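Asks:
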Amino acid sequence: MKALRPQLSLVVGICLITLGMFSSTAQAQSVCLPAPRLLTTMPMGGQAGTSFDVKIAGQDIDDAEELNFSHPGITAEPKLDKNGLPIANQYVVTIAKDCPAGVHEARVMTRLGLSSSRAFNVGTLAEAVQTPGKNATLESAMQLDLNSICNAVMTSRKIDYYTFDAKEGQRVVVDCAAKGIDSKLNPVVIIANEKGMDLVVERRGGMLDFKVPKTGKYVIKVHGLTYDGGPYHFYRLAVKTAQPDEIVARLPSIQKVSAFSWPPAGLTDANIRPEAEPNNKQTQAQKITLPCDITGSFYPAADVDTFEFTAKKGEVWWVEVASERLGRPTDPSIVVQQVTGTGADEKRTDLVELKDIPSPVKVSSNGYSYDGPPYNAGSSDILGKMVIKQDGVHRLQLRDLFGGTRNDPKNVYRLIIRKAAPDFAIVGWALHMNLRNGDRNALSKPIALRGGATMPFEVVVVRRDGFDGEIELFMDNLPEGVTASGLKIPKGKSRGIMLITVAEHAPRGYTSANFYGKATIDGKEVTHPCHLASMQWPVPNAWSEIPSPRLMADVPVSVTDSEQAPITIAPTEDKVFEVTAGEKLTIPLKHIRRNDFSGANITLKTYGDGFEGNPAFDATLKGDNSEAVLDLAKLKPAPGEYNIAFYGYAVARYRENPAGIALAESGLKQAKLEAEALEAQADKLAKIAESAPDAERPSAKSAAKEAAAKAKAAQSDIAKADKQLKAAVARAKPKDIVDIIVSTPIRIRVNPAKKAQ
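Those letters in the sequence shown? Residues -28 to -1, 1 to 729, per mature numbering (1 follows the signal peptide of the UniProt record, and there is no 0), in order.
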C-alpha cells in the first residue's frame, strides 16, 4: 500500500440501483456524495522521454496534491513558483523513454481521495501546445512540423487554423484524436491550399490521407461538427508523413465497454490466415477447413466475404467475429447455408443466421439506460453456435450490415470458427441511481471509500461456447482496513455484485487492486480479470446529455480519513448466521449514524443469489437498531453458504468539510496577529524616522514606508482570510444529498431441513 501525505484518499464508486420510489422531499436534492473528478489536463499527453508542464482542472479538486498515473513510467511533481511554493493545479510531468505508447489514466489526489480518471496519451512524435484563440484566422494559423502532434482546445463558434510545409508527391496523414481521448468534441478536419480553399474533408472522425499535389504550404482547419467548443472539447492533432504502401495506425484510443469480451483466452496469431479476394459471389467462395482463424476487412463498400467448408451431421461449431470490439464502426452479420447439388441444380438452405452479442443486462428501449446508466456490455460483433444438420458442403457469408456506406480498408475483422472452448469474460461498474420519472444520472465515480462505507459494483458476464457455471468474484491487494466480498454470478445467470467495505477508522491509503472472477470449467479452475468501466463525464441527467462509458486501465481503491459514511448498517454480531431450510432467520442490525437524515426510515431490499426475492422492509434512520427477517420457506434457497447485503437510499443532511471551518478560523486569526505585528512595526519605524538625524532620515523613512506597505498588504490578507472563512462556513451548511446505502456483507449458512422420523 502506498503511504499518503495528509489530505489523500480515494472514493469507491457507488452502484446502479433501480429505485422504484423516490420521496417528494428528495426531488430537488443532489445525487451522490461529493467526489473529486479530474476533467481536463493540458496538454493531454506527451512524447516518451520528455518532461513538460501540465495544468489540470476538475470538480472538487481545489485541494489537489499528487497527480499520478496508471503506468509507473509516468511521474509528476508539483510545479513551484519563484519562492519554491507549489502552484495550484500545475505539475511537471516526466515520461520515461521506455513508457509504452498508448492511452493511460491520469488521476489527482485530494482531500476526498483519488479522482476519476482522464485519458493521458503517450506518443513517439514531437509535441506542441496550442494557445487557445490565437490561431482562429487563416492569417494567424499555427505552423506545425511534419511528424508532430499539437494539443489543443476548440473554441466555441470558431475554426482553428494550422499550416504545414510539404513536397510534391509526399503522403501526409492528418489524424485528430477527440472522442478516443475522452473529449466531447466531434471534429471536422479539412486540408486546404495556402489560400484556405478546401481540398479534402473528414466529418466522421476518420483520418485524412493526402497526396501532396505540389510543393508548398498547406492549411489544416479544425472545428466542431456543430461549431461547439469549450474546455471539454480538446483534441490532439497529428500530422505525419507515410510511405506510399504503409498502413498508418490511428492515434491511440480508449476502449468501449464492449471490448472487455475480446480476445478469447489463449488466442494467438499462430494459425491466422487472410481472406482471399475475390470472394463476394457464391461461385468465388474461398475454400476453408474447420477449425479456422481468418482475418479480413469489410472493403470495398458493400463487401461480402464468402467461405466454403465441408462438415458432418451432428458437429457443433462456435463462431466468433471481432470487428466492433477492435474499435471499428461495424455491425457484422453471418448467414450459413447448407449447399446441395451443383451448377444449375445447386440448392442453398439456410442453416443459421448470427449477429450481435446481446447485452448481459437489459438495455432500455431508448438505448441510453437500463433503469440507470448505459453500461451496455453487449456488442454488434458475433458469438454464436452452428449445429450441422447434414453431411456436405456449407457456405458462410460475412458482411457489415452498414457496409454499403463505408469504404474504409481499416474496417477489419477476425473470424474464428472453433470447437467448443467454454469460458467467460466479466466487467464491472459502480452502480447508479434512477430518480423520479426517468431522470437519470450517470456519474464518473472514482473508487474512493469513506470510513464505514460499503459500496457495491455490478458485475456482468459474457459466456463463451456454452459455459453456464457459477462465477465467484474476488478482489485483493486492497488498502489497509478494506475488505471485499463477492456475491457470485449464479449458474446460468449474467449478473453478480461485488461489495467493498472499509472499516470506520481505516487509515488513509490507496492501492491498485486486483479484481477477478473464478470458475470451474471441465474440472479445472479458471481465473480471469474483471475489467472496470466508468463514465467519461459526469452526466446529472441522461435525458439532456448522452452518457459515454469506457473501460479503465486499472482498478484503484483508496480510503479517506477526511470524512466518514453518513451511516453504517451492519449485523450486531460479526458471525455466520445459521438457519435451517424452511425456517425464518432474524438478523439484528445496528445503525451507526454520523449525519442527520430527511425522513424517518430507509426502505431496504436484498442483494445476493437466493435472497433477492426477500420483500423490502423499513429500517429506522432515527434509532440505532433494526432487524431483518428472512423467510426461507418462501425464498427456498438451497442448503449452502451465502453472502447477502441490504440496500436502499436515503437523503443525508451532508456537511462539506466542517473541519475546514477550524482551519479557516485559524488562518484568519494568524492573519490578524501578523497584521497587528506589522502595524506595530510600521508605527515604530515611523516614529524612528521622525526623530532620526538628518543623515539617517532618508533611509529611516524608506524603512518606515516599506513597513507601512507590508502592514497594508496584511490587511488585504485579513480580508482574504475572512472571505475564505465565510466560504468554508457556507460550504459546511447542511445540504440534502440522496445516496445509496448498503449494509456490510452478511454471511449465512443454510442447513438442510431435518428429515421427518
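Yeah, the Cβ is synthetic: ideal placement off N, Cα and C, and Gly gets one too. Being a predicted model, the structure only gives us computed values, none of them experimental.
Label Lys727 either buried or exposed according to how many other C-beta atoms from any shown protein chain fall within 10 Å of its C-beta, with 16 as the threshold for buried.
Replies: So Lys727 ends up on the exposed side.
Asks: Output yes or no for whether 9 Å exceeds the beta carbon distance between Gly614 and Asp590.
Replies: Per the sequence shown, the amino acid found at residue 614 is Tyr instead of Gly. No, the Cβ-Cβ distance between Tyr614 and Asp590 is not below 9 Å.
Asks: Can you tell me whether Leu650 is helix, strand or coil according to DSSP?
Replies: Note: Leu650 maps to helix in three-state DSSP.
Asks: Cα separation between Cys502 and Leu209?
Replies: Near 33 Å, if we compare the C-alpha coordinates of Leu209 and Cys502.
Asks: Kindly indicate which three-state DSSP category Ile472 falls into: helix, strand or coil?
Replies: DSSP places Ile472 in strand when its eight states are reduced to three.
Asks: By DSSP's criteria, Ser663 is part of a beta bridge. Which residues make up the other side?
Replies: Paired residue(s): none; Ser663 is not in a bridge.
Asks: Does the distance from the C-beta atom of Val144 to that of Ala150 stay below 9 Å?
Replies: For Val144 and Ala150, no; Cβs fall outside 9 Å.
Asks: Go through its chain and collect everything with a Cβ distance to Met(-8)'s Cβ below 6 Å, but skip five positions before and after it.
Replies: Reliability fails at Met(-8), whose pLDDT of 34 lies under 50, so the model's placement of it is uncertain and the value that follows must be treated cautiously. The answer is none, since no qualifying residue turns up.
Asks: Cα separation between Pro(-23) and Asp494?
Replies: Only weak support exists for where Pro(-23) lies, its pLDDT of 34 falling under 50; the value from the coordinates is given anyway. Cα-Cα distance, rounded: 50 Å.
Asks: Classify Leu373: buried if its beta carbon has 16 or more other beta carbons within 10 angstroms, exposed otherwise.
Replies: Flag for Leu373 reads exposed.
Asks: Would you give the residue range spanned by the alpha helix (DSSP H) that Asp689 belongs to?
Replies: Element bounds for Asp689: Arg669 to Arg703.
Asks: Per DSSP, Phe487 forms a beta bridge with which residues?
Replies: DSSP output for Phe487 lists Met447 as bridge partner(s).
Asks: By a C-beta neighbour count over all protein chains shown, 10 Å radius and 16 as the cutoff for buried, is Gln(-2) buried or exposed?
Replies: Residue placement at Gln(-2) is poorly supported in this model, since its pLDDT is 40, which falls under 50; the coordinates are not used for a value here.
Asks: Cys71 and Gly45: beta carbons closer than 9 Å?
Replies: For Cys71 and Gly45, yes; Cβs fall inside 9 Å.
Asks: Alpha carbon to alpha carbon, how far is Leu118 from Ala20?
Replies: The straight-line gap from Cα to Cα measures roughly 18 Å.
Asks: Whose CA, out of Ile306, Thr302 and Thr261, lies closest to the CA of Lys284?
Replies: Nearest option by C-alpha distance: Thr261.
Asks: For Met507 versus Gly400, is the C-beta spacing smaller than 9 Å?
Replies: No, they are not a contact pair.
Asks: Please name the residue in Lys490, Lys327, Met447 and Lys644 whose C-alpha comes closest to that of Thr473.
Replies: Considering only alpha carbons, the answer is Met447.
Asks: So, with DSSP's three-state summary, where would you put Asp265?
Replies: Three-state result, Asp265: strand.
Asks: What does the Cβ neighbour count give for His76, buried or exposed, with the cut at 16 atoms within 10 Å?
Replies: Classification of His76: buried, given that the 10 Å Cβ count is 16 or more.
Asks: Is the closest heavy atom of the ligand HEM to the C-beta of Val173 under 8 Å?
Replies: With respect to small molecules bound, the structure shown includes none, and the ligand HEM cannot be examined in it.
Asks: What are the boundary residues of the alpha helix (DSSP H) that Leu607 is part of?
Replies: That run of the alpha helix (DSSP H) goes Leu604 to Leu607.
Asks: If we count the other Cβ atoms within 10 Å of its Cβ and call it buried at 16 or more, is Arg721 buried or exposed?
Replies: The residue in question, Arg721, is exposed, as its Cβ has fewer than 16 Cβ neighbours within 10 Å.
Asks: For the beta strand (DSSP E) containing Trp290, list its first residue and its last residue.
Replies: Residues Val288 to Ala294.
Asks: Which residues in the same chain have their Cβ closer than 7 Å to the Cβ of residue 735, if we skip the five residues on either side of it in sequence?
Replies: Residue 735 lies beyond the range of the chain shown here (-28 to 729); nothing can be said about it.
Asks: So, at 7 Å on beta carbons, what are the nonlocal neighbours of Tyr347 in its own chain, with the 5 sequence-adjacent residues on each side left out?
Replies: Excluding residues within five positions, the ones whose Cβ falls inside 7 Å are Val229, Trp401, Ala505 and Pro521.
Asks: Specify the secondary structure class of Leu657 as computed by DSSP and reduced to three states.
Replies: Of the three classes helix, strand and coil, the one that applies to Leu657 here is helix, per DSSP.
Asks: Does Ile713 come out as helix, strand or coil in the three-state DSSP assignment?
Replies: Reduced to three states, the DSSP call for Ile713 is strand.
Asks: Determine the closest residue to Lys156 out of Ala113, Pro203, Thr135 and Leu370, with distance taken between C-alpha atoms.
Replies: Per the Cα distances, Pro203.
Asks: Could you give the distance in angstroms between the alpha-carbon of Phe439 and the alpha-carbon of Asn449?
Replies: Cα to Cα, Phe439 sits roughly 29 Å from Asn449.
Asks: Go ahead and label Ala113 buried or exposed: buried means 16 or more other beta carbons lie within 10 angstroms of its beta carbon, across all protein chains shown.
Replies: Buried, since its Cβ has 16 or more Cβ neighbours within 10 Å.
Asks: Reducing DSSP to helix, strand and coil, say where Gly356 ends up.
Replies: Residue state, collapsed to three classes: strand.
Asks: Counting Cβ pairs closer than 8 Å, one from the region 654 to 664 and one from the region 675 to 691, do we hit at least three?
Replies: Yes, the region 654 to 664 touches the region 675 to 691.
Asks: Where does Arg129 land, buried or exposed, given buried means 16+ other C-beta within 10 angstroms?
Replies: The residue is exposed, with fewer than 16 neighbouring Cβ atoms inside 10 Å.
Asks: Determine the closest residue to Gln142 out of Val293, Asp603, Glu218 and Ile539, with distance taken between C-alpha atoms.
Replies: Residue Glu218 is the option with its Cα nearest to Gln142.
Asks: Tell me, to the nearest whole angstrom, how far the beta carbon of Ala624 is from that of Asp533; I am working on the premise that it is less than 8 Å.
Replies: Actually they are not in contact, since the Cβ atoms of Ala624 and Asp533 sit about 19 Å apart, beyond 8 Å.
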